[in-house]
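Asker: Take this structure first; my questions come after.
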Amino acid sequence: MTDIKLVPLTPDDREQFINDNQEAFNYGALEEFGRRDEHFEEDGEIISRETIKKAIDSGEAYRIMNGDKKVGGVVLKIDGDKGDLDLLFVSPKAHSKGIGYAAWCAVEKLHPEVKVWETCTPYFETRNIHFYVNRCGFHIVEFYNEHHPDPNEPDAREEFEETFDAMFRFEKIIK
327 MTDIKLVPLT PDDREQFIND NQEAFNYGAL EEFGRRDEHF EEDGEIISRE
377 TIKKAIDSGE AYRIMNGDKK VGGVVLKIDG DKGDLDLLFV SPKAHSKGIG
427 YAAWCAVEKL HPEVKVWETC TPYFETRNIH FYVNRCGFHI VEFYNEHHPD
477 PNEPDAREEF EETFDAMFRF EKIIK
């Protein structure tokens, strides 16, 4: 059984959190596309350091702990009864052990005031799509692509023209 806790990210763990996040995201991309991949944001990284830093700086960042081991992380943005799951990652070494689901349950307990959760994931992350839809109860509500870029991302159209990346937007309504 997993003993999962969310522990606020400390400044001395920030750099390792970023590295661990990149490792987890790269794992999914490499599984799907192999080493020759055009979906990376920067120098072989699916998610850039800058993207992760911005998420941490503008939200609540937590380490996912399994006992005394760091096994992942999560970054949330809360605005009243709306919550945005900016990042959730589990170390590839800890996949398929229920850690992600236990962490998500801990997030919901941490913020019972949130009635609508939202998150996005790349179209190729089939593990994530399964996790959010089949395990956590999210619904796919939008598909961002070159013909329908994310309206909240001002540079989305230019990015799509360069990479033709696509993302699913998920929503979970808590009743």
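For any residue, its number in the numbering used here is found by taking its place in the sequence shown, counting from 1, and adding 326. Where a beta carbon is used, it is the ideal one built from N, C-alpha and C, also for glycine.
(1) According to DSSP, what are the bridge partners of Lys403?
(2) Suppose only complete runs of 3+ residues qualify. What are the beta strand (DSSP E) ranges in the region 432-473, listed by chain order?
(3) Determine the closest residue to Ile499 out of Glu444, Asn392, Phe450, with distance taken between C-alpha atoms.
(4) Check whether the region 378-388 touches the region 439-458, counting contact only when three or more Cβ pairs, one atom from each stretch, lie closer than 8 angstroms.
(5) Would you check if the region 377-384 and the region 430-437 touch, i.e. whether three or more CB-CB distances between them fall below 8 angstroms?
(6) Under a three-way DSSP split, which group does Gly398 fall into?
(7) Between Lys501 and His437, what straight-line distance do the alpha-carbon atoms span, to the nearest angstrom?
(8) Between Thr447, His474, Val442, which has its C-alpha nearest Phe494's C-alpha?
(9) Would you say the region 346-353 touches the region 396-411, given that touching needs at least three Cβ pairs under 8 angstroms?
(10) Name, in chain order, the residues that DSSP records as bridge partners for Phe415.
(11) Short check: CB of Lys441 to CB of Asp407, under 7 angstroms?
(12) Quick one: Cα of Asp394 to Cα of Gly424, how far?
Answerer: Taking the structure as given:
(1) Here residue 403 refers to the residue found at position 77 of the sequence shown. Note: Lys403 sits in a beta bridge opposite Asp410.
(2) 442-448, 465-470
(3) Working through the sequence shown from its first residue, we reach residue 499 at position 173. The candidate whose alpha carbon is nearest that of Ile499 is Glu444.
(4) no
(5) no
(6) Taking the sequence shown and counting its residues from 1, the one referred to as residue 398 is at position 72. It is a strand residue.
(7) Looking up residue 501 in the sequence shown gives position 175. Looking up residue 437 in the sequence shown gives position 111. Distance between the alpha carbons of Lys501 and His437 is about 14 angstroms.
(8) Locating residue 494 in the sequence shown gives position 168, counting from the first residue. Cα-wise, what sits closest to Phe494 is Thr447.
(9) yes
(10) Taking the first residue of the sequence shown as 1, we reach residue 415 at position 89. DSSP lists Gly399 as partners of Phe415.
(11) Position 115 of the sequence shown, counted from the start, is the residue given in the question as residue 441. Position 81 of the sequence shown, counted from the start, is the residue given in the question as residue 407. Yes, the Cβ-Cβ distance between Lys441 and Asp407 is below 7 angstroms.
(12) The residue given as residue 394 occupies position 68 in the sequence shown. The residue given as residue 424 occupies position 98 in the sequence shown. So the alpha carbons of these two residues sit roughly 17 angstroms apart.
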